[in-house]
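J.: Position in the sequence shown counted from 1, then plus 4, gives you the numbering used here. Even for Gly, the Cβ is constructed at its ideal location relative to N, Cα and C. Computed from a predicted model, the values in this text were never measured in an experiment.
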Amino acid sequence: MPDRDPYLLAQMREAFGRVVYSHKTHEKQADICFTKHRWQQGVLIALTAISSGTFLAAVVGLLGNAVLTSLTTSSIALLVSWMSLGAQTFKFEEESEAHRGIASRLWDVRESYISLIADLMSGTVSNAEGRERRDELQQAARDAYADAPRTSSRAFARAQGGLQNNEEMTFTSREIDLFLPEALRLGEGEA
Numbered sequence: 005m006p007d008r009d010p011y012l013l014a015q016m017r018e019a020f021g022r023v024v025y026s027h028k029t030h031e032k033q034a035d036i037c038f039t040k041h042r043w044q045q046g047v048l049i050a051l052t053a054i055s056s057g058t059f060l061a062a063v064v065g066l067l068g069n070a071v072l073t074s075l076t077t078s079s080i081a082l083l084v085s086w087m088s089l090g091a092q093t094f095k096f097e098e099e100s101e102a103h104r105g106i107a108s109r110l111w112d113v114r115e116s117y118i119s120l121i122a123d124l125m126s127g128t129v130s131n132a133e134g135r136e137r138r139d140e141l142q143q144a145a146r147d148a149y150a151d152a153p154r155t156s157s158r159a160f161a162r163a164q165g166g167l168q169n170n171e172e173m174t175f176t177s178r179e180i181d182l183f184l185p186e187a188l189r190l191g192e193g194e195a
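Okay, structure coming up:
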């Protein structure tokens with residue numbers, strides 16, 4: 005088995021770390037955009053319902069003051085128009101889907117880096133093969149980044165918190181054993 009190039013391994017580990025952060029940041033950005041989309045839709049539905057109710061109340065004559073009824077109906081209609089225009093301008097659902105798509109592509113790159121690092125460390129891949137596969141993964145990451153919408157500092161902070169504090173990317177040996185059928189468990193710690 006030829007000697008493993010420590011610089012190649014270090015570079016792959018660094019690239020893996022960057023992809024992990026990018027993947028998680030795009031996931032968090034997708035969540036942020038989807039939450040905004042849900043709020044946008046909820047407010048639009050609520051305002052439309054209120055507007056319809058106010059209009060019907062005015063038609064039936066339940067609201068005594070005609071000027072007040074007219075102003076209320078007009079104000080709510082203006083808010084509905086404003087929210088509709090906002091929904092046309094700020095397409096949070098589309099942005100969320102774009103981030104989810106990029107995260108999916110980066111997930112594949114991330115998992116491929118894990119496999120490549122394991123293969124390199126076990127000696128089943130030569131340094132030359134490792135460099136070739138590394139170059140392919142770098143190209144796949146470059147292609148994903150070229151199509152990626154920008155992320156926010158808020159999404160990065162959430163990704164950082166998830167990865168560093170909530171261990172969103174890690175499992176204990178015991179947890180992995182519990183996921184696997186009994187025949188495939190390592191038995192490190194009682195599962």
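Distance, Cα to Cα, Asp147 vs Leu110?
T.: Asp147 and Leu110: Cα-Cα distance of roughly 10 angstroms.
J.: Span of the alpha helix (DSSP H) holding Glu115?
T.: Where Glu115 is concerned, the enclosing alpha helix (DSSP H) stretches over 96-126.
J.: Mark Glu18 as exposed unless 16 or more other C-beta atoms lie within 10 angstroms of its C-beta, in which case mark it buried.
T.: It is exposed - the Cβ of Glu18 has fewer than 16 other Cβ atoms within 10 Å.
J.: Does Asn131 come out as helix, strand or coil in the three-state DSSP assignment?
T.: Helix.
J.: Going by DSSP in three states, Gly57 sits in which element: helix, strand or coil?
T.: Of the three classes helix, strand and coil, the one that applies to Gly57 here is helix, per DSSP.
J.: Measuring CB atoms only, is the region 90-110 touching the region 18-30, in the sense that at least three cross pairs come out at less than 8 angstroms?
T.: The region 90-110 vs the region 18-30: in contact.
J.: Quick check on this structure: which residue in Met16, Gln44, Gly105 has the alpha carbon closest to the alpha carbon of Arg138?
T.: Closest option to Arg138, Cα to Cα, is Met16.
J.: Express the C-alpha separation of Lys95 and Leu13 in angstroms, rounding to a whole number.
T.: C-alpha separation (whole angstroms): 41 angstroms.
J.: Can you list, in chain order, the residues of its chain with a C-beta nearer than 7 angstroms to that of Arg154? Leave out the 5 residues immediately preceding and following it.
T.: The answer is none, since no qualifying residue turns up.
J.: Count the other CB atoms within 10 Å of the CB of Ala50; is the residue buried (16 or more) or exposed (fewer)?
T.: Classification of Ala50: exposed, given that the 10 Å Cβ count is below 16.
J.: Straight-line CA distance for Asp123 to Thr176?
T.: Roughly 21 angstroms separates the two Cα atoms.
J.: Going by C-alpha to C-alpha distance, which of Gly57, Gly90, Leu167, Cys37 sits closest to Ser74?
T.: Ser74 has its Cα closest to that of Gly57, out of Gly57, Gly90, Leu167, Cys37.
J.: Given Leu48, which residues of its chain have a CB within under 8 angstroms of its CB, disregarding the five upstream and five downstream residues?
T.: So the qualifying residues of the chain are Val84, Met87, Ser88, Ala91.
J.: Look up Glu171 in the DSSP assignment and say whether it is helix, strand or coil.
T.: Coil at Glu171, not helix or strand.
J.: What does the alpha-carbon distance come out to for the pair Arg135 and Ser119?
T.: Going from the Cα of Arg135 to the Cα of Ser119 covers about 14 angstroms.
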